[in-house]
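Colleague: Numbering (my numbering), first residue to last: 8 to 69.
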Ligand SMILES: [Ca+2]
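(1) Anyone know if the C-beta pair for residue 39 and residue 61 falls short of 9 Å?
(2) Within 8 Å: the Cβ of residue 68 and any heavy atom of ligand 1?
(3) Taking only the alpha-carbon atoms, compute the straight-line gap between residue 49 and residue 24 and give it to the nearest angstrom.
(4) So does residue 47 have its beta carbon nearer than 8 Å to some heavy atom of ligand 1?
(5) Could you tell me if the beta carbon of residue 28 falls within a distance shorter than 8 Å of some heavy atom in ligand 1?
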């Protein structure tokens with residue numbers, strides 16, 4: 008009888024967005040907002056483009 012080893016599955020940590028990382032590390036919304044401004048207000052932080060970043064991590068701000 009031949010035993011075939013199952014293929015090794017490499018589990019990787021999911022890549023986090025900047026907002027998810029800031030939220031996970033316990034930073035306040037104010038800190039995240041300032042970080043977004045300092046980063047040049049990248050649209051990737053503000054999916055709905057209403058001027059409030061990180062709402063998917065911190066909740067709606069308006
Ligand atoms: Ca937004």
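For glycine and all other residues, C-beta sits at the position ideal for the given N, C-alpha and C.
Modeller: So, from the listed chains and residues:
(1) Locating residue 39 in the chain shown gives position 32, where the first residue counts as 1. Locating residue 61 in the chain shown gives position 54, where the first residue counts as 1. Cβ atoms of residue 39 and residue 61: closer than 9 Å.
(2) Looking up residue 68 in the chain shown gives position 61. Because some heavy atom of ligand 1 lies under 8 Å away, the Cβ of residue 68 counts as near it: yes.
(3) Reading the chain shown from its first residue, position 42 is the one you call residue 49. Reading the chain shown from its first residue, position 17 is the one you call residue 24. If you take the alpha carbons of residue 49 and residue 24, they lie about 12 Å apart.
(4) Start at 1 with the first residue of the chain shown, and residue 47 comes out as number 40. Checking every heavy atom of ligand 1 against the Cβ of residue 47, none is found closer than 8 Å.
(5) Against the chain shown, residue 28 aligns to sequence position 21. Outside the cutoff, so no.
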